[in-house]
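Single-structure report; data block below.
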Amino acid sequence: MFNKKVSLFSAILLLLVGVSIGLNITKYFPSEENGELDKFEEAYYYTKKYYLDEISSEKLIEDAINGMFKNLDPHTVYIPPVDQNLIADEFAGQFGGIGIEFTIIDDTINVVTAIKGGPSEILGIQSGDRIIEIENESAIELTNRDVMMKLRGKKGEEVNITIYRPLTDEEIEYNIIRDEIALNSVDAAFMITDSIGYVRLSKFSETSSKELETAFESLLDQGMKNLLFDLRDNPGGYLYQAQEVADFFLTKDKLIVYTQGRDNSFDEEFFAEEDDKTDMIPLIVLVNEGSASASEIVAGAVQDWDRGLVVGTTTYGKGLVQRPVMLDDKSAIRLTIAKYFTPSGRAIQKDYSNKKLSYLHYNVDSLQDGENYNHTSEADTTIKVFTTKGGRKVYEKGGITPDYIVHNDSISVTTVTLLRKNLFYKYVRSHFDNNELKKSDVVFEKLNFNKFYEELKPKFLSSFYDFITYETELSEADIEKSSDEIEKLLKAYLAREIYGEEAWFRIRTYDDRQIMKSISLFDLAQSMLMNY
Numbered sequence: 000m001f002n003k004k005v006s007l008f009s010a011i012l013l014l015l016v017g018v019s020i021g022l023n024i025t026k027y028f029p030s031e032e033n034g035e036l037d038k039f040e041e042a043y044y045y046t047k048k049y050y051l052d053e054i055s056s057e058k059l060i061e062d063a064i065n066g067m068f069k070n071l072d073p074h075t076v077y078i079p080p081v082d083q084n085l086i087a088d089e090f091a092g093q094f095g096g097i098g099i100e101f102t103i104i105d106d107t108i109n110v111v112t113a114i115k116g117g118p119s120e121i122l123g124i125q126s127g128d129r130i131i132e133i134e135n136e137s138a139i140e141l142t143n144r145d146v147m148m149k150l151r152g153k154k155g156e157e158v159n160i161t162i163y164r165p166l167t168d169e170e171i172e173y174n175i176i177r178d179e180i181a182l183n184s185v186d187a188a189f190m191i192t193d194s195i196g197y198v199r200l201s202k203f204s205e206t207s208s209k210e211l212e213t214a215f216e217s218l219l220d221q222g223m224k225n226l227l228f229d230l231r232d233n234p235g236g237y238l239y240q241a242q243e244v245a246d247f248f249l250t251k252d253k254l255i256v257y258t259q260g261r262d263n264s265f266d267e268e269f270f271a272e273e274d275d276k277t278d279m280i281p282l283i284v285l286v287n288e289g290s291a292s293a294s295e296i297v298a299g300a301v302q303d304w305d306r307g308l309v310v311g312t313t314t315y316g317k318g319l320v321q322r323p324v325m326l327d328d329k330s331a332i333r334l335t336i337a338k339y340f341t342p343s344g345r346a347i348q349k350d351y352s353n354k355k356l357s358y359l360h361y362n363v364d365s366l367q368d369g370e371n372y373n374h375t376s377e378a379d380t381t382i383k384v385f386t387t388k389g390g391r392k393v394y395e396k397g398g399i400t401p402d403y404i405v406h407n408d409s410i411s412v413t414t415v416t417l418l419r420k421n422l423f424y425k426y427v428r429s430h431f432d433n434n435e436l437k438k439s440d441v442v443f444e445k446l447n448f449n450k451f452y453e454e455l456k457p458k459f460l461s462s463f464y465d466f467i468t469y470e471t472e473l474s475e476a477d478i479e480k481s482s483d484e485i486e487k488l489l490k491a492y493l494a495r496e497i498y499g500e501e502a503w504f505r506i507r508t509y510d511d512r513q514i515m516k517s518i519s520l521f522d523l524a525q526s527m528l529m530n531y
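Here's what the structure looks like:
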């Protein structure tokens, strides 16, 4: 089970925990030398014993830990046991579950997809099924987190659910044996043109490098001569995975990143260890303000070695390394132990002195669209200057600033309203619930789908406008202003429901300014490779 609608929650958690590094921290043991803790113990004792209202010991301790971290950097955090389990699943790339993707509409759990080969798919659970009970208790009005906690568990354990199937108007009970469910980090991998391969990586989990190896091999077999590697909105993950991913693009012994901490045992250098088939393919890395930590390591290494072109908007600016420390109650703290630096020596971490007001907000890229190859638009005497392998100037200003600035189109308030209410999915799904449309087992083919959509479009689109007029208070004028944007999204939702997740990206690719501009820049990427 992996809920696409939980991606924002997951991304925020990953942003908070930062880059994780696998180094040991000495276990704490109380001793007489820790007399400074006496004051805290006294305060805790008196509060617990005499405070007017009864207070949970757990809450007092958790609040104290959070207070201790309050004035440190934004990524040193306390993580309660429930959240720690979810984060561990995200990083591990797999978990024990029933094998569904879900979304919540009108307080009801809707199955978006039963993952192929998973326990739910094997038992016959279908897209569009509504989960109405879990373990004989109502599943209505549960939160995303509630659903994950109830459906996830150890492999081999059983969970009982009851679904309602609109297509046949029946309730069906299932006893499902949980199994290991993969959380793929490669969202899409396909050929955009006859020679350009496209790969989108959503996070740096334990399985990312293996997933990418499989994706690259497949694209090479299909004739890939150029690679567009999409790290937009990728919040990061494991540092060692950033090393392995960058290794796909850099020749052996090239420095990828190094770390420095107050404790020099955390000082480390990471190099490319192998030569790969993708080392000498023209490369463009797509980034934006949501690309953070491990994403910035990869983009920074590519930029500093002049290995390829970085395109998009300035990245988040998170260059702190965290070490997870498990506490006895299965909660954890993630402690910042070091900064990381790109091969040229740039620190990627942006200023966090005003973390409460601005730090967790994305960078707003004030640079204009266009070529920024020599980074002259960033020139500022107050900013440290570094040079790439080829002698280009790059600046230490928080995050990675692209070599070519391309802003994507902003989304209208009208479209945001429709997305927030999940009306695209709700409308498209209703056509499958009513048996008007069916899923396809054939591979997505853009020309065939476009032909099908053009035949369906007049009635389908008109009916959607009636639907959103009924479901919202949006005016006809508001809807008309955003009609082009709305139609493109509706088409992508329909493709995903018929063909699966990758069809979404195949459709959206051609409406994406950053991708379309990148396709036109591979001659420059090729010239960079010749001098690499």
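So that you can map any letter, position 391 of the sequence shown is 390 in numbering that gives the first Met the number 0, and since no number is skipped, the others follow by simple counting. A virtual CB, placed ideally from N, CA and C, is assigned to each residue, including glycine.
Beta-carbon proximity check, residue i vs residue j, cutoff 8 Å
{"i": "Asp506", "j": "Leu227", "result": "Asp is not the amino acid found at residue 506; the sequence shown has Ile there. Contact flag unset, no."}
{"i": "Ile283", "j": "Phe521", "result": "yes"}
{"i": "Thr267", "j": "Tyr257", "result": "It should be pointed out that residue 267 corresponds to Glu in this sequence rather than to Thr. Cβ atoms of Glu267 and Tyr257: closer than 8 Å."}
{"i": "Asp88", "j": "Glu500", "result": "no"}
{"i": "Ile121", "j": "Ile162", "result": "no"}
{"i": "Thr206", "j": "Tyr424", "result": "no"}
{"i": "Lys329", "j": "Pro80", "result": "yes"}
{"i": "Val310", "j": "Val405", "result": "yes"}
{"i": "Gly398", "j": "Thr313", "result": "yes"}
{"i": "Phe269", "j": "Asp252", "result": "no"}
{"i": "Ala491", "j": "Phe448", "result": "no"}
Under the three-state DSSP convention, the category residue i falls into
{"i": "Asn263", "result": "helix"}
{"i": "Gln240", "result": "helix"}
{"i": "Leu22", "result": "Residue confidence for Leu22 is low, a pLDDT of 49 falling below 50, so the modelled location carries little weight and cannot support an answer."}
{"i": "Glu370", "result": "strand"}
{"i": "Phe451", "result": "helix"}
{"i": "Thr388", "result": "The sequence given here places Lys at residue 388; Thr does not occur at that position. Lys388: coil per DSSP, three-state reduction."}
{"i": "Phe443", "result": "coil"}
{"i": "Val309", "result": "strand"}
{"i": "Met279", "result": "coil"}
{"i": "Ile410", "result": "coil"}
{"i": "Lys516", "result": "helix"}
{"i": "Met223", "result": "coil"}
{"i": "Glu472", "result": "coil"}
{"i": "Phe247", "result": "coil"}
{"i": "Gly299", "result": "helix"}
{"i": "Met527", "result": "helix"}
{"i": "Asp465", "result": "helix"}
Bridge partners - residue i, DSSP secondary structure assignment
{"i": "Asn159", "result": "Asn174"}
{"i": "Gln93", "result": "Ala181"}
{"i": "Glu136", "result": "Ile133"}
{"i": "Val76", "result": "Arg333"}
{"i": "Gly551", "result": "What is shown of the chain runs 0 to 531, which leaves residue 551 out entirely."}
{"i": "Lys383", "result": "Glu395"}
{"i": "Ala346", "result": "Phe340"}
{"i": "Met67", "result": "According to DSSP, Met67 bridges with nothing at all."}
{"i": "Asn109", "result": "Thr102 and Arg129"}
{"i": "Tyr403", "result": "Val310 and Glu370"}
{"i": "Ala42", "result": "Per DSSP, none; premise fails for Ala42."}
Best match in the options for proximity to residue i [C-alpha to C-alpha]
{"i": "Ile64", "options": "Ser462, Ala331 and Val301", "result": "Ala331"}
{"i": "Arg177", "options": "Glu210, Ile162, Gln125 and Pro118", "result": "Pro118"}
{"i": "Ile99", "options": "Asp106, Lys115 and Asp105", "result": "Lys115"}
{"i": "Met125", "options": "Asp432, Lys251, Val198 and Phe189", "result": "As written in the sequence, residue 125 is Gln, which differs from the Met given in the question. Residue Asp432 is the option with its Cα nearest to Gln125."}
{"i": "Asp477", "options": "Tyr464, Lys202 and Glu140", "result": "Tyr464"}
{"i": "Gly123", "options": "Asn174, Ser474, Met527 and Leu150", "result": "Asn174"}
{"i": "Arg261", "options": "Thr335, Pro234, Thr413 and Leu417", "result": "Thr335"}
{"i": "Asn530", "options": "Gly311, Leu493 and Gly307", "result": "Gly307"}
{"i": "Gly155", "options": "Lys202, Val146 and Phe94", "result": "Phe94"}
{"i": "Thr107", "options": "Asp82, Val297, Leu141 and Asp232", "result": "Leu141"}
{"i": "Ile104", "options": "Gly127, Tyr498 and Lys38", "result": "Gly127"}
{"i": "Tyr315", "options": "Arg322, Gly289, Trp304 and Phe340", "result": "Gly289"}
{"i": "Gly152", "options": "Glu179, Thr167 and Asn143", "result": "Glu179"}
Buried or exposed by the 16-neighbour rule on C-beta atoms within 10 Å, applied to residue i
{"i": "Asp246", "result": "buried"}
{"i": "Ile382", "result": "exposed"}
{"i": "Ser208", "result": "buried"}
{"i": "Asp350", "result": "exposed"}
{"i": "Tyr509", "result": "exposed"}
{"i": "Gln221", "result": "exposed"}
{"i": "Ile133", "result": "buried"}
{"i": "Met527", "result": "buried"}
{"i": "Thr46", "result": "exposed"}
{"i": "Lys516", "result": "buried"}
{"i": "Asn233", "result": "buried"}
{"i": "Ile54", "result": "exposed"}
Residue i Cβ short of 7 Å to the ligand COA heavy atom set
{"i": "Ser204", "result": "As presented, the structure is devoid of all ligands, the ligand COA included, so that no description of it is given."}
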